[in-house]
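Taking my numbering, the leading residue of the sequence shown gets 24, the next gets one more, and so forth.
Think of the CB as a built atom: it goes at the ideal place given N, C-alpha and C, for glycine as much as any other residue.
Keep in mind the model is a prediction, meaning the values are calculated, not measured.
For reference, the structure discussed in these notes is given below.
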Amino acid sequence: MDPGSEAVPRTIAVVDVASYGDPTRTNLHRLAVREGLYNLMETACHESSIGWGRCRTDDMGDGLLLLLPPDIPKILLVDRLPQRLASGLRRHNGDHSDGARIRLRLALHAGEVYHDQHGLASEAVIHASRILEAPEAKQALEKSTTNLMLIASEWFYDAVVCHDPAAEPDSFRQIAVNVKETRGSAWIRLVGEHPPGLSVGEHPPQKSPAPAQPRSAGVDSRGPTLAELGKIVTILLETPGFDTREGRDLVLSQLDSEVWSAIARQRTARADVASIVRTCWRYPGALRELVEAIRFFAMGSIAMGRLDAAVAEVIENPPDE
């Protein structure tokens, strides 16, 4: 390396496939995992407005190192990227056998990076790699039912996560990091935690509904009144399994593709839920299907009972035209 070369600031994302070396995986499984990982990361970055082609990617065998240029907002890594990765993981794991399924830990940091003809040198990259290997983080993911864990460095949490509600700072918890020469702490968040009893890669039981079609004139084409919409939205925001964006993503994945693909998702929770309800209202039976999908995650809750009553009221007793 040229002693006079200058370091460049980079946002650092290091991703690791959990249990990649598990002896129950065959090498063919590992090839499927590696292909799936690259496809997942590239697609999720594209959907999150993170230019994949503008990032440096280094293969790590059981993971990837991603270096983002400084003009890409760091908040995208904790706001948009986790949701897109979680959705991609559900699709991948639903299409593959156990040996080829993927669970990820994603470590986030930022700092100066030096480059030479052989690769790179960076204390910041080393730090990101160390927090990725924190035993407490590994154990938390192993004990969870989710497919994705975020691990934010102290710096990333303090400088990025804490300052934007979209990053859901309250959903992170602090852990100790004691890996090789690194002593300190980091912040972890389990993304899209599944309900107890649902194993990784398993999906709730689904019906096979007939292809959905928009409501025609004369079939309750009036749409919900503001009072009806407001009542249902308020209850949904209090319903377990639908009160977070990750939960809503999981529930919507159980609906007919024609329905969920027609939903215009919104950034704020209330606007997002309102858009979901309005869209389901337009398709015969979709509102009931939404309620049944939610029931899988919220069965027995007080909010579920209130939701049943509210939906029954608007479906069975529509106002006079």
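In the structure shown, His138 adopts extended strand secondary structure according to DSSP, grouped into three states.
Contact check between the stretch 304 to 316 and the stretch 271 to 278: three or more CB pairs, one atom from each, fall below 8 Å, which counts as touching. When the beta-carbon positions are compared, Ile125 and His132 stay at least 8 Å from each other.
Of the residues His52, Gly308, Asp82, Pro96, the one whose Cα lies closest to the Cα of Ile73 is Pro96. With 16 or more other Cβ atoms inside 10 Å of its own Cβ, Asp39 counts as buried.
Residue state for Asp94 is assigned as coil, using DSSP reduced to three classes.
In chain order, Asp85 place their CB closer than 8 Å to the CB of Gly44, counting only its own chain and leaving out the 5 sequence neighbours on each side.
Annotation for Ser110: Asp272 place their beta carbon closer than 6 Å to its own, counting only its chain and skipping 5 residues before and after.
Boundaries of the alpha helix (DSSP H) harbouring Ser110: 104 to 118, taken from the DSSP string. The three-state secondary structure of Asn50, taken from DSSP, is helix. Within a 10 Å sphere around the beta-carbon of Lys203 sit fewer than 16 other beta-carbons, which makes this residue exposed. In the three-state reduction of the DSSP assignment, Asp181 falls in the helix class, which pools H, G and I. Sequence-distant Cβ neighbours of Ala333 in its own chain, meaning closer than 7 Å and more than five residues away, are Lys254, Ile255, Ile258. Each residue's CA atom was taken as its position, placing Asp181 and Ala335 some 46 Å apart. By DSSP's assignment, Arg212 forms a beta bridge with Leu173. The criterion of a C-beta distance shorter than 8 Å is satisfied by Leu112 and Leu63.
Beyond the five residues adjoining it in sequence on each side, Val37 comes within less than 7 Å, by CB distance, of Gly86, Leu88, Ala130, Ala151, Ser152, Leu155 in the same chain, given in chain order. Going by C-alpha positions, Arg301 is about 36 Å away from Ile174.
Comparing C-alpha distances from Glu29 to each of Ala189, Ala144, Ala209, Phe320 shows the shortest one belongs to Ala144.
With contacts defined by Cβ atoms closer than 8 Å, Phe320 and Gly264 form a contacting pair. For Gly134 and Ala209, the gap between their C-alpha atoms comes out near 16 Å.
In the three-state reduction of the DSSP assignment, Ile286 falls in the coil class, being assigned neither a helical nor a strand state.
Inter-residue distance for Ile211 and Arg128 is about 10 Å (C-alpha atoms, whole angstroms). Counting only the Cα atoms, Met172 lies some 6 Å from Val214. Membership of Ala316 in any beta strand (DSSP E) is not indicated; the residue belongs instead to the alpha helix (DSSP H) covering 309 to 321. Collapsing the DSSP output to three states places Arg128 in a strand. With respect to Asp94, Ala190 sits apart: the two C-beta atoms are not nearer than 8 Å.
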